[in-house]
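Notes to accompany the following structure.
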Amino acid sequence: MLNFFANIFGYLLNFLYNLVSNYGLAIILFSIIVKLIMLPLSIKQQKSIKKNTKIQEEMKQIQFKYKNDPEKLNQATIELYKREKMSPFSGCFSAIIQIILLFSVFYLVREPLTHMKKIDTEIINKYKTQIVEEGLSNNSAYPEIEIIREIDKLKELEKNENKEEIDSLKINMEFFGLDLSKVPTQNLNDFKVYIIPVLYVISSFISMRISTSMQTKQKDDEETEKVEENDLNSSMEQANKSMSLLMPIMSVSIAIIAPLGLALYWLINNILMILERLILNKVIKDEEVEENA
């Protein structure tokens with residue numbers, strides 16, 4: 018399934034690359050388009066979060082009333098969600114979509130010749146073998162990236178034979194002085210490979226702070242009273258917090274062992290997510306004010 022989505026995304030990324038002739042710029046445009054495609058889901062999720070905050074008071078009353086009767090508690094909870102036209106698993110669906118996107122783009126960036134350029138497997142395998150035999154390989158998990166990086170040396174080895182074939186493998190990965198084909202763990206002495214991952218960590222921290230701030234403000238506005246902390250609602254909150262922490266940690270862990278192109282995608286995606294949350298929060302809040310008026 019991930020290969021399927023990686024191939025679909027590959028058509029879009031290749032189209033953008035052909036427009037701008039730069040891998041980094043293509044990834045930025047790709048990130049913006051994917052974010053726009055996902056916008057309806059983001060709007061629905063944001064509204065669901067706000068609506069869930071509003072029904073917390075009623076949820077706590079139900080949990081307190083039926084704390085010794087799990088069966089009635091479950092039934093009352095289901096009826097509450099049905100009445101409010103909400104699903105307790107809406108957050109899970111969004112998380113699943115994010116994970117699919119995460120690994121699909123990882124597959125795409127890991128094998129750009131296969132998924133983006135649609136190069137024949139036999140041609141890719143031929144040059145994989147050649148760079149190993151010539152000692153150009155670092156035994157990396159990203160042999161297609163190595164082919165792209167060593168494209169000039171491959172031309173020299175071929176002595177102008179198959180020049181057109183080799184040119185079809187070329188991808189311009191220079192981006193404002195950064196080589197997006199580099200992997201941080203393979204270039205520890207090059208300080209520039211840390212720029213994008215560090216910016217990604219900073220943007221993740223800002224994103225989490227904004228999200229936490231918004232949730233805290235919503236709870237203060239509701240003026241809900243305290244009840245047992247180990248209820249179902251608290252469990253859901255903890256699950257959401259854990260997911261919010263897990264995604265950046267997992268992404269950073271992969272970013273330091275993956276080509277910088279992937280870290281660039283996550284960085285741009287984070288920046289767009291921050292802007293999206295701020296804008297949607299303002300728009301939805303204005304809508305609520307109009308409805309209440």
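Read left to right, the sequence shown gives residues 18 to 310 (my numbering).
Glycine residues also receive a C-beta, built at the ideal position from the N, C-alpha and C atoms.
Where does residue i fall in DSSP's three states?
i: F32; result: helix
i: D184; result: helix
i: D196; result: strand
i: E178; result: coil
i: E3; result: The requested residue 3 does not occur in the structure, where the chain is confined to residues 18 to 310.
i: K143; result: helix
i: M76; result: helix
i: G41; result: helix
i: N250; result: Because the pLDDT of N250 is 48, which lies under 50, any placement of that residue in the model is unreliable, and the question is left without a value.
i: Y83; result: coil
i: N155; result: coil
i: M133; result: coil
Does the beta-carbon of residue i have 16 or more other beta-carbons within 10 angstroms, so that it is buried, or is it exposed?
i: K134; result: buried
i: E96; result: exposed
i: R127; result: buried
i: K199; result: buried
i: F192; result: buried
i: E34; result: In the sequence as presented, Glu is not what sits at residue 34; that position holds Tyr. Y34 comes out buried.
i: F81; result: exposed
i: V149; result: exposed
i: M55; result: buried
i: L46; result: buried
i: G194; result: exposed
i: E240; result: Residue placement at E240 is flagged as unreliable, the pLDDT there being 48, under the threshold of 50; a coordinate-derived value is accordingly withheld.
i: V218; result: buried
i: L292; result: exposed
i: I213; result: buried
i: E151; result: exposed
i: M18; result: exposed
i: L125; result: buried
How big is the Cα-Cα spacing for residue i and residue j?
i: Y159; j: I266; result: 22 Å
i: L58; j: N20; result: 23 Å
i: Y282; j: A272; result: 10 Å
i: R226; j: V269; result: 17 Å
i: K170; j: N69; result: 58 Å
i: P276; j: I285; result: 15 Å
i: S65; j: K89; result: 24 Å
i: F32; j: Q73; result: 46 Å
i: D86; j: E101; result: 23 Å
i: I50; j: L29; result: 9 Å
i: E246; j: F110; result: Confidence is the limiting factor: at E246 the pLDDT is only 39, short of 50, which leaves the residue's position unreliable and the question unanswerable from this model.
i: N142; j: S221; result: 37 Å
i: V210; j: I136; result: 28 Å
i: Y144; j: I162; result: 11 Å
i: M290; j: Y98; result: 27 Å
i: V215; j: N155; result: 25 Å
i: I274; j: S48; result: 21 Å
Compare the beta carbon distance of residue i and residue j with 9 Å and say whether it is the shorter of the two.
i: Q63; j: N298; result: yes
i: L130; j: I183; result: no
i: N189; j: S38; result: yes
i: L174; j: Q147; result: yes
i: L153; j: Y40; result: no
i: L53; j: A43; result: no
Counting Cβ pairs closer than 8 Å, one from the stretch 86-100 and one from the stretch 115-134, do we hit at least three?
no
Should the stretch 173-193 be called in touch with the stretch 23-32, which here means at least 3 C-beta pairs below 8 Å?
no
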